[in-house]
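Going by my numbering, the sequence shown opens with residue 31, and the numbers climb by one from there. Cβ coordinates follow ideal geometry from the N, Cα and C atoms, glycine included. Here's the structure we're looking at; comments come further down.
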Amino acid sequence: MAEGFAKDILGSDWEVRSAGVEVHGVNPLAIKVMNEVGIDISHNTSKLIDTDYLNQCSIVVTLCGDAKDKCPVTPSSVKRIHWPLKDPNQASGNEMERLIVFREVRDQIKQNISDLAKNIK
Numbered sequence: 031m032a033e034g035f036a037k038d039i040l041g042s043d044w045e046v047r048s049a050g051v052e053v054h055g056v057n058p059l060a061i062k063v064m065n066e067v068g069i070d071i072s073h074n075t076s077k078l079i080d081t082d083y084l085n086q087c088s089i090v091v092t093l094c095g096d097a098k099d100k101c102p103v104t105p106s107s108v109k110r111i112h113w114p115l116k117d118p119n120q121a122s123g124n125e126m127e128r129l130i131v132f133r134e135v136r137d138q139i140k141q142n143i144s145d146l147a148k149n150i151k
């Protein structure tokens with residue numbers, strides 16, 4: 031969801047990539063809630079962090095839980111930001127209850143990226 035919003039909000043001036051410390055498929059509920067706001071992430075893929083690429087970034091944003099601690103060390107020239115969001119993949123309950131969590135996280139990610147965009151443009 032963050033990659034979809036970052037590409038949409040930051041535009042083509044920024045190279046945006048998302049990755050994690052583990053590879054998982056894109057959750058169908060994430061695809062569904064992003065479609066609700068007009069962003070198609072159905073072709074996105076889950077990727078492992080590329081340390082060489084990470085070390086060349088201007089900004090690295092980590093999301094959810096322990097991602098901040100599991101992200102590889104980067105040089106001091108790389109600005110690190112952590113957004114301690116709920117991990118929507120951990121949501122429990124029926125599909126409607128889980129969709130509520132995905133929407134909450136989606137909306138918070140959009141707000142965070144919009145705020146970030148104001149500070150970097």
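Quick one: Cα of residue i to Cα of residue j, how far?
i: VAL135; j: ILE71; result: 15 Å
i: VAL67; j: LYS77; result: 24 Å
i: CYS94; j: ARG110; result: 14 Å
i: LYS100; j: ASP145; result: 25 Å
i: ALA36; j: GLU127; result: 26 Å
i: VAL103; j: ASP43; result: 25 Å
i: LEU129; j: ASN65; result: 13 Å
i: THR75; j: ALA147; result: 24 Å
i: GLU45; j: LEU115; result: 23 Å
List the whole-angstrom C-beta distance separating residue i from residue j, where the pair is believed to meet the contact cut-off of C-beta under 8 Å.
i: ASN124; j: VAL108; result: About 41 Å; that fails the 8 Å criterion.
i: PHE132; j: VAL56; result: Between VAL56 and PHE132 the Cβ distance is about 12 Å, and since that is not below 8 Å, they are no contact.
i: ILE69; j: ASP38; result: 6 Å
i: SER48; j: ALA32; result: 6 Å
i: HIS112; j: THR81; result: Their Cβ separation, rounded to whole angstroms, is 18 Å, which puts HIS112 and THR81 out of contact at 8 Å.
i: ILE79; j: VAL53; result: About 10 Å; that fails the 8 Å criterion.
Span of the alpha helix (DSSP H) holding residue i?
i: LEU40; result: 32-40
i: ILE71; result: First-last for ILE71: undefined, no H or E at that position.
i: ARG136; result: 125-150
i: ASP82; result: 81-84
Could you check if residue i is buried or exposed, using at least 16 other CB atoms within 10 Å of its CB as the buried criterion?
i: PRO118; result: buried
i: GLY34; result: buried
i: ILE139; result: buried
Taking residue i as part of the beta strand (DSSP E), name the residues at either end of that continuous run.
i: THR92; result: 89-93
i: ARG47; result: ARG47 -> no beta strand (DSSP E), and no H or E assigned at all.
i: LYS116; result: Per DSSP, LYS116 belongs to no beta strand (DSSP E) and is neither H nor E.
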